[in-house]
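A.B. asks: Here it is: the structure, laid out below.
In the working numbering, the protein residues as written are 83 to 198.
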């Protein structure tokens with residue numbers, strides 16, 4: 083069983099930056115891919131960014147050019163660097179992992195609030 087713990091959320095002004103971290107209790111080397119999702123009030127959870135076990139990344143169109151996902155296998159941690167933040171980025175951000183193509187894990191979420 084792997085536990086994921088997000089951190090780094092908070093309140094920031096539009097145009098600012100935050101870096102989210104997702105620390106895994108076990109090795110992330112076995113994870114096929116790790117993801118950041120977000121869910122704004124009254125909206126469905128949406129996929130924001132993906133990083134595979136070979137380092138391939140993918141982003142939602144809404145965050146391309148502003149967000150960067152990365153993983154540090156030695157620290158069992160995935161990051162989401164968020165730049166040029168907009169009020170519409172306000173949401174609870176969740177870390178998600180897929181292991182061996184079978185097992186999925188979710189973190190508890192971290193709140194990001196961007197003021198205009």
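The beta-carbon is built from N, C-alpha and C at its ideal position, and this holds for glycine as well.
Taking only the alpha-carbon atoms, compute the straight-line gap between residue 164 and residue 175 and give it to the nearest angstrom.
C.D. replies: If you take the alpha carbons of residue 164 and residue 175, they lie about 11 Å apart.
A.B. asks: Check each candidate in 183, 179 and 170 and name the one with the smallest Cα separation from residue 125.
C.D. replies: Looking at the Cα atoms, 170 is the closest of the given residues.
A.B. asks: Does residue 143 come out as helix, strand or coil in the three-state DSSP assignment?
C.D. replies: coil
A.B. asks: What separation, rounded to the nearest whole angstrom, lies between the Cα atoms of residue 112 and residue 135?
C.D. replies: 8 Å
A.B. asks: Who does residue 151 pair with in a DSSP beta bridge?
C.D. replies: 162
A.B. asks: Taking the alpha-carbon positions, what's the residue 104 to residue 180 distance?
C.D. replies: 14 Å
A.B. asks: Within the continuous beta strand (DSSP E) that includes residue 92, where are the two ends?
C.D. replies: 92 to 95
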